[in-house]
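Asks:
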Amino acid sequence: MAIFRSHVLICGGTGCTSNKSQLVKARFEEKIKEVKLDKEVQVVGTGCFGLCEEGPIVIVYPEGSFYSRMTVEKVDEIVDEHLLKGRIVEKYLFKEKAKVEHAEEHKSLMEVQFYSKQKRVALRNCGLINPEDINEYIARDGYMALGKALTEMTPEGVIQLMKEANLRGRGGAGFPAGVKWSFAAPNKADQKYIICNADEGDPGAFMDRSVLEGDPHAVLEAMAIAGYAIGATKGFIYVRAEYPIAVRRLHIAIDQARELGLLGKNIFNSGFDFDIETRLGAGAFVCGEETALMQSIQGNRGMAKVKPPFPANKGLWGKPTVINNVETLANIPQIIINGPEWFKSFGTVKSPGTKVFALGGKITNTGLVEVPMGITLREVIYDIGGGCPGGKAFKAVQTGGPSGGCLTAEHLDTPVDYENLAAVGSIMGSGGMIVMDEDNCMVDIARFFLDFIVDESCGKCTPCRVGTKRMYTILERITQGKGTLEDLDELESLAISIKNSSLCGLGQTAPNPVLATLKYFRDEYIAHVVDKKCPAKHCKALLTYEIDKDKCTGCTLCARKCPVSCISGTVKNPHEIDQEKCIKCGNCYSVCRFGAVQKN
Amino acid sequence: MQNEFVLSKKSEFAELKEYIDSVKNSQGVTMQILQKAQGIFGYLPIEVQQFISDETNIPLADIYGVVTFYTQFSTEEKGKHRIGLCLGTACYVKGSQEILDKLADELDVKVGKTTKDKLFTLEATRCLGCCGLAPVMVVDEDVYGRLEVTKIPNILKKYQ
Chain E
1 MAIFRSHVLI CGGTGCTSNK SQLVKARFEE KIKEVKLDKE VQVVGTGCFG
51 LCEEGPIVIV YPEGSFYSRM TVEKVDEIVD EHLLKGRIVE KYLFKEKAKV
101 EHAEEHKSLM EVQFYSKQKR VALRNCGLIN PEDINEYIAR DGYMALGKAL
151 TEMTPEGVIQ LMKEANLRGR GGAGFPAGVK WSFAAPNKAD QKYIICNADE
201 GDPGAFMDRS VLEGDPHAVL EAMAIAGYAI GATKGFIYVR AEYPIAVRRL
251 HIAIDQAREL GLLGKNIFNS GFDFDIETRL GAGAFVCGEE TALMQSIQGN
301 RGMAKVKPPF PANKGLWGKP TVINNVETLA NIPQIIINGP EWFKSFGTVK
351 SPGTKVFALG GKITNTGLVE VPMGITLREV IYDIGGGCPG GKAFKAVQTG
401 GPSGGCLTAE HLDTPVDYEN LAAVGSIMGS GGMIVMDEDN CMVDIARFFL
451 DFIVDESCGK CTPCRVGTKR MYTILERITQ GKGTLEDLDE LESLAISIKN
501 SSLCGLGQTA PNPVLATLKY FRDEYIAHVV DKKCPAKHCK ALLTYEIDKD
551 KCTGCTLCAR KCPVSCISGT VKNPHEIDQE KCIKCGNCYS VCRFGAVQKN
Chain B
1 MQNEFVLSKK SEFAELKEYI DSVKNSQGVT MQILQKAQGI FGYLPIEVQQ
51 FISDETNIPL ADIYGVVTFY TQFSTEEKGK HRIGLCLGTA CYVKGSQEIL
101 DKLADELDVK VGKTTKDKLF TLEATRCLGC CGLAPVMVVD EDVYGRLEVT
151 KIPNILKKYQ
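So the protein sequences, as listed, match chains E and B.
Here the numbering used here is used: position 533 in the first sequence is 533, and no number is missing along the way.
Here the numbering used here is used: position 14 in the second sequence is 14, and no number is missing along the way.
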């Protein structure tokens, strides 16, 4: 095997790929050949590093130099200076944006503020190995857990160990995986199934995609372990069609595992057979719900079913089935190798281990972070995420996506685990964490989520199909300034009925964004319905645009850009907006270079 | 059913038939066949659905039910360029709605529809997963990140 003195790791996750990291990689390979370093320096395409805001990301080892926002143009200089002459190109290194001590010093990746509080278990290989090469996974103890389970442990022993570790479902509900397995194991059937739920529908959450893109074998290995534990020989991965890179890497991984006999017949000579197929979703949020997901795999409309019977008894094609989420599975090989005590050494008593969060929205360091459970929201948002950019005030953080709630500044010191988030009116969910600042209108955010739910409701049960539509109509009315105080009561009453009477998790949690915003931001609702004002200055129907006569230079730009010609004034004299004619399109506000147009 | 569409797409139907024959003995392959068919034809007109129904013995009503349930499947022909603007939460809080309004305005088309000259189809998509680039839009295979309303006309010009 060739030995290289230096490695150039280039992120090939979706975020960086969208930012043309493949071109950067191609240029590195080309240039390294040109200067005849291709026997000494290896270029490796990896999974997601997490700090997507700064992509495309390139790390050069052994120094661990962290080059951010790479472009093709920067490549030649890095090869000439760093790889050829050993001089790190300081000007292209990542610069800390968050306020930290010694921000100016050269830091390797793990010393950067963003990574310093993280503990990577599910993401441990993401950004470190080439996901398209099974040997790199094996070199990181890959398939050792499967070997241990098959050759040293009984299926009951595996389930017992998983129960002790108390790994809770990372898809959102937090049901212990070991307990789920123990329900399916004793059922007698000619066929049982393991399903990996990779239908990551929560808008703004992308941790499962990153695991599949960065470390697909961890998921395959865990599915085989789960299969051994419950006596299943067949697995399905139900993955979103919107994740083409993840799908491609899964196919590569499955083929490589089959080739080495790590999937297929008689794995590790144990007599145990297990194989995996992928199934693509077709864009339906409800298919993240397990009964709907199984319908979709069977080729039907993805509509939820009444539980019981639970999938562990009657699942896919009526056979006992265990469904685990991607992140849950990614933890399992590590738990088998290191034991439950190791796993419980992170996190809290009730929620051991780590959780991956997708930080997004109005936050300085957008990206993926894996932290021990029990960390406070403040640490995640400020210490790791760097707070809101542009000096704006933090307003809320939305967790759990369309099923979750918004939390405010007063909750920032809440330690994050399943129970604590539920106690303050939100949920853990799959781990989306969207930060909002003073410019975001919470009524509009509630409307946004309801719009999503109305679109995604499968339509089977009336409370969800009709009820959410009614809630949406009311919210739309409020954001247009036509709401009344009675509407707020109506919203609450509808929300409670829908929660209590919907068939599946989608409907039962659909009113959460409304209930949470009504609870913590009631004053914003009141401002909309009583004063007919939007405090965040977001809802267009409630805004007026005015020109500050002292600031206006009479450049006429706004008048020229106004689509309804409602701005009058002559050159070098202050202009004026005719409020009767104004359609509140905001063009004048966005084009003015002097800050003279004001939103009120 | 030998209408003009079927006659003009003989090789496409042959390709689809070959695929159906290769998978039709497996369980639950409706979605895969529809995905393949949409890949071949670009959309799923009723003639294609009827063909799949005939070949698989799955009732047309069931096929139609699946096609209309999932947003990925379309029964209408798409424009030459497909614009997908992300309306995931991270993009939304960073102002993607204004971008969408601007696109609809510039192209004079409703969201989800195709322009009269069949050049563009404007779609609001679910999270594309590159939240670091929010707000994000995809035109065919090209990704445009950190969008601003004022950048839109120039981006569109590249495809006009």
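Just so you know, even glycine gets a beta-carbon here, dropped at the ideal spot from N, CA and C.
Tell me, please, which residues DSSP counts as bridged to T399(E).
Replies: T399(E) is bridged to G405(E), M433(E).
Asks: Where D80(E) and I88(E) are concerned, what is the direct C-alpha to C-alpha distance, given to the nearest angstrom?
Replies: Spanning the two alpha carbons is a distance of roughly 10 angstroms.
Asks: Would you call the segment 101-108 of chain B and the segment 64-76 of chain B in contact, with 3 or more CB pairs under 8 angstroms?
Replies: Flag = no, the segment 101-108 of chain B and the segment 64-76 of chain B do not touch.
Asks: At what residues does the beta strand (DSSP E) containing Y143(E) begin and finish?
Replies: Counting along the chain, Y143(E) falls outside any beta strand (DSSP E), and DSSP gives it neither H nor E.
Asks: Measure the alpha-carbon distance for T17(E) versus I152(B) and round it to whole angstroms.
Replies: In a straight line, the C-alpha of T17(E) is about 22 angstroms away from that of I152(B).
Asks: Tell me, please, whether the segment 313-331 of chain E touches the segment 127-143 of chain E by the rule of three or more beta-carbon pairs shorter than 8 angstroms.
Replies: These segments do not touch.
Asks: For T517(E), which residues in the same chain have their Cβ closer than 6 angstroms to its Cβ, ignoring the five residues on either side in sequence?
Replies: Correct list, in chain order: C406, M442, A446.
Asks: Going along chain B in order, which residues have a C-beta closer than 7 angstroms to the C-beta of I297(E)?
Replies: Within chain B, the residues near I297(E) are G28.
Asks: V149(B) versus chain E: which residues are under 9 angstroms apart at the beta carbon?
Replies: Going along chain E in sequence order, the residues near V149(B) (Cβ under 9 angstroms) are G586, N587, S590.
Asks: Excluding the 5 residues flanking G145(B) on each side, which residues of the same chain have their C-beta closer than 6 angstroms to its C-beta?
Replies: Only L133, V136 meet the Cβ criterion.
Asks: Please go through the same chain and pick out, in chain order, the residues whose beta-carbon is closer than 7 angstroms to the beta-carbon of I498(E), but skip the five residues on each side of it.
Replies: Excluding sequence neighbours, I498(E) sits near P463, C464, G467, T468, G507, A510, P511.
Asks: When you check each C-beta in the segment 23-50 of chain B against every C-beta of chain E, which residues fall closer than 8 angstroms?
Replies: Taking 8 angstroms as the Cβ-Cβ cut-off against chain E, the residues of the segment 23-50 of chain B that qualify are Q27, G28, V29, T30, M31, Q32, L34, Q35.
Asks: Just checking: is the beta-carbon of N440(E) within a distance shorter than 8 angstroms of some beta-carbon in chain B?
Replies: Cβ-Cβ to chain B under 8 angstroms: yes for N440(E).
Asks: Mind the definition here: the segment 227-247 of chain E touches the segment 185-202 of chain E only if three or more C-beta pairs lie below 8 angstroms; say whether that holds.
Replies: They touch, by the three-pair rule.
Asks: Determine the chain E residues that contact Y165(B) at a beta-carbon separation under 7 angstroms, and present them in chain order.
Replies: Residue 165(B) lies beyond the range of chain B shown here (1 to 160); nothing can be said about it.
Asks: Taking the alpha helix (DSSP H) that L128(E) belongs to, which residues open and close that run?
Replies: Run containing L128(E): none; DSSP gives neither H nor E here.
Asks: Hey, does Q398(E) have any beta-carbon neighbour from chain B nearer than 8 angstroms?
Replies: With 8 angstroms as the cut-off, Q398(E) counts as an interface residue toward chain B.
Asks: Tell me whether the beta-carbon of T46(E) lies closer than 8 angstroms to the beta-carbon of G12(E).
Replies: Cβ distance < 8 angstroms, so T46(E) and G12(E) count as in contact.
Asks: Per DSSP, Y70(B) forms a beta bridge with which residues?
Replies: Answer by DSSP bridge pairing: none, since Y70(B) is not bridged.
Asks: From S210(E) to S565(E), what does the alpha carbon distance come to, in whole angstroms?
Replies: Taking the straight line joining both Cα atoms gives about 49 angstroms.
Asks: Using DSSP with H/G/I as helix, E/B as strand and the rest coil, what is L107(B)?
Replies: DSSP places L107(B) in helix when its eight states are reduced to three.
Asks: Which bits of chain B does S21(E) rub up against, with CB to CB less than 9 angstroms?
Replies: Per Cβ cutoff of 9 angstroms: no residues; S21(E) is ~11 angstroms from chain B at best.
Asks: Which residue or residues does DSSP assign as beta-bridge partners of L9(E)?
Replies: The partner list for L9(E) (beta bridge, DSSP) reads V44(E), I59(E).
Asks: Taking P203(E) as the query, report the chain B residues whose CB atoms sit under 7 angstroms from its CB, ordered along the chain.
Replies: Result: G88, T89, R126, C127.
Asks: With DSSP as the reference, identify every bridge partner of I83(B), one or two as the case may be.
Replies: In the DSSP output, where bridge partners are listed per residue, I83(B) has L122(B), V139(B).
Asks: In chain B, which residues lie less than 8 angstroms from T14(E) when you measure between Cβ atoms?
Replies: L128, G129, C130, listed in chain order.
Asks: Sorted by chain position, which residues of the same chain lie with C-beta nearer than 6 angstroms to F272(E)'s C-beta, five sequence neighbours on each side aside?
Replies: Contacts found: L150, Y228.
Asks: Please state whether DSSP places Y193(E) in a helix, a strand or coil.
Replies: Strand, per DSSP.
Asks: Would you kindly work out how many angstroms separate the C-alpha atoms of N57(B) and I20(B), rounded to a whole number?
Replies: The straight-line gap from Cα to Cα measures roughly 11 angstroms.
Asks: Rounded to whole angstroms, what's the CA-CA distance from L44(B) to Q50(B)? Just pull it up for me.
Replies: Straight-line Cα distance between these residues: approximately 10 angstroms.
Asks: For K265(E), which residues in the same chain have their Cβ closer than 8 angstroms to its Cβ, ignoring the five residues on either side in sequence?
Replies: Contacts found: D273.
Asks: Quick one: residues in its chain with C-beta nearer than 6 angstroms to the C-beta of S296(E), no 5 flanking neighbours on either side, listed in chain order?
Replies: Taken in chain order, the residues that qualify are C287, G302.
Asks: Please list the terminal residues of the continuous beta strand (DSSP E) segment that includes D487(E).
Replies: Here D487(E) belongs to no beta strand (DSSP E); instead the alpha helix (DSSP H) covers 485-501.
Asks: Let me confirm a value: H82(E) is counted as buried when at least 16 other C-beta atoms fall within 10 Å, else exposed. Which label applies?
Replies: H82(E) is buried by the Cβ-count criterion.
Asks: Return yes when the Cβ of Q35(B) is within less than 8 angstroms of the Cβ of A282(E), no when it is not.
Replies: It is a contact, given that the beta carbons lie within the stated cut-off.
Asks: Between which two residues does the alpha helix (DSSP H) containing E34(E) stretch?
Replies: Here the alpha helix (DSSP H) through E34(E) covers 21-34.
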